[in-house]
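A short worksheet on the structure shown next.
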Amino acid sequence: MNADDCFDHEFINAHVLLKSQGKRAQHYPKGWLTAWPELLLYLFNDLTKREVLVFMSIAAQTKYLNRTSVTRKSLSTNLGIQKNHIDTIVKKLIKRNAVHEQADKTLQIDPRYGWFGNVDQYHEACDALDKKTRNSALR
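Counting in the numbering used here, the final residue of the sequence shown is number 757, and the numbers go up one at a time with none missing.
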């Protein structure tokens, strides 16, 4: 199965990013929170099907506090997309601040696009990211 064949299936399974906690929480997987679903939809409007598939594949494997074991190599293997294409897609997602690459080379979605954890932890993660962004801008 290639990436295009599994796109719809992956997209539907990973749609939890569009869910939020609160009054409607009983309908959605526990723990998922998204600050601005409109931001996520805006991102998708500027991405190809394969780019959305890569983003959603990272999101689908996200664990508590947005931790993952997803790497570029694992994406390439699991999705059947050549690694050089994955590299290009991940670079675009990083440039759009939708994904961050950690020191251990794992990929993590930006908490503003999707968050798995409680609200206080979400605010701490966003603050840490804002601080990191400000510090890198000062260099």
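Glycine included, each C-beta is placed from N, C-alpha and C at the ideal position.
> Rounded to a whole number of angstroms, what is the C-alpha to C-alpha distance between Ile-727 and Thr-751?
Replying inline: 15 Å
> Going by DSSP, which residues form a beta bridge with Leu-671?
Replying inline: Its beta-bridge partners do not exist; DSSP assigns none.
> Between Gln-679 and the rest of its own chain, which residues show a CB-CB distance below 8 Å, the 5 nearest in sequence each way excluded?
Replying inline: Thr-686, Ser-687 and Val-688
> What are the residues that DSSP puts in a beta bridge with Arg-685?
Replying inline: Lys-681
> First and last residue of the alpha helix (DSSP H) that includes Ile-699?
Replying inline: That residue, Ile-699, is in no alpha helix (DSSP H); it is neither H nor E in DSSP.
>> On the CB-based measure, 16 or more other CB atoms within 10 Å of its CB, does Gly-732 come out buried or exposed?
In response: buried
> Rounded to whole angstroms, how far is the Cβ of Arg-714 from the Cβ of Leu-747, which I believe are closer than 8 Å?
Replying inline: That belief does not hold up - the Cβ atoms of Arg-714 and Leu-747 are roughly 14 Å apart, past 8 Å.
>> To the nearest angstrom, how far is the alpha carbon of Ser-694 from that of Cys-744?
In response: 29 Å
> Buried or exposed: Leu-659, going by 16 or more other Cβ atoms within 10 Å of its Cβ?
Replying inline: exposed
>> Tell me the rounded alpha-carbon separation between Val-672 and Lys-723.
In response: 16 Å
> Rounded to the nearest angstrom, how far is the Cβ of Leu-725 from that of Val-708, given a contact under 8 Å?
Replying inline: 7 Å
>> Quick check on the DSSP output: the beta strand (DSSP E) that includes Gln-726 runs from which residue to which?
In response: 725 to 727
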